[in-house]
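**Student:** The structure follows.
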Amino acid sequence: MAPAISSTTVDLHYNRHQKAALNATNRLVQGTELADMPLEQVIKVTSTTPARIGIFNQAAQTWSHKFYWKSMRPNGGGAPSGRLKEKIDSDLGGLDKFKQTFAAAAAGQFGSGWAWLIVDGGALKIVSTSNAATPMAEGKTCLLAIDVFEHAYYVDYQNRRADYIAAWLDQLVNWDFAAEQLIKST
Ligand code: MN
């Protein structure tokens, strides 16, 4: 995915940050009724219980990172087609407007978090979330996710989060994955 994201960033992000969340999730659910649940169910169950925020954080970060990698591909970018293109045109004002709104949501997320393209009530929406929060926990269908924790871009872009977001949209975003999620949601 270089030069948009360097191999150093992918290595640190996947093998250290994501792996730490996965290991913590496995450790925290061990011996509880959560241990045999699918990851998605662990996230939904713990998201509504403040005392379980520690488990929610690690489980949600594990899920969201898996989703983040699928939201990208080498030689990504370009334009969506078919039903997804139609929905972006009708719900979000077209591809250029989508990019502007998505980039603004990702850049404007204060501190750590994520920006998402989701289906909410049948319509595409762009939202951002703080820290480990994910629209999936609220039953929303996610189509794309970008990680805006500093670990996602600092090695390559330092404080220039907007440049990371622009490169992600132009060179990495995986429209085929987003289109598959849209089909699954209907
Ligand atoms: Mn991350």
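Positions 1 to 186 (the numbering used here) are the ones given, in order, by the sequence shown. The beta carbon of each residue, even a glycine, is placed where N, CA and C say it ideally should be. For clarity, every value in this text was computed on a predicted model and none was experimentally measured.
Mind reading off the beta-carbon distance from residue 57 to residue 132? Whole number of angstroms is fine, and I expect it under 8 Å.
**Tutor:** Residue 57 to residue 132, Cβ: 4 Å. Contact.
**Student:** Would the beta-carbon of residue 59 be found less than 7 Å away from any heavy atom of the ligand MN?
**Tutor:** Because no heavy atom of the ligand MN lies under 7 Å away, the Cβ of residue 59 does not count as near it: no.
**Student:** So residue 128 and residue 109 are in contact, right, with Cβ under 8 Å, and what is the actual spacing, rounded?
**Tutor:** Right, their Cβ atoms sit about 4 Å apart.
**Student:** Where does the unbroken beta strand (DSSP E) through residue 53 begin, and where does it stop?
**Tutor:** No beta strand (DSSP E) contains residue 53, which is instead part of the alpha helix (DSSP H) from 53-70.
**Student:** Note down the Cα distance separating residue 137 from residue 97, rounded to an integer number of angstroms.
**Tutor:** C-alpha separation (whole angstroms): 27 Å.
**Student:** Using beta-carbon positions only, say whether residue 172 and residue 103 come within less than 8 Å of one another.
**Tutor:** Contact flag unset, no.
**Student:** Closer than 7 Å to a non-hydrogen atom of the ligand NAP - does that hold for the CB of residue 2?
**Tutor:** Only the ligand MN can be found as ligands here, which leaves the ligand NAP out of the picture.
**Student:** Once the 5 residues before and after residue 44 are set aside, which same chain residues still bring their CB inside 7 Å of it?
**Tutor:** Here the set comprises 137.
**Student:** For residue 174, collect the residues of the same chain with a Cβ closer than 6 Å to its Cβ; drop the 5 residues on either side in sequence, then sort them by chain order.
**Tutor:** Counting only Cβ-Cβ distances below 6 Å, and skipping sequence neighbours, we find 71, 72, 73 and 76.
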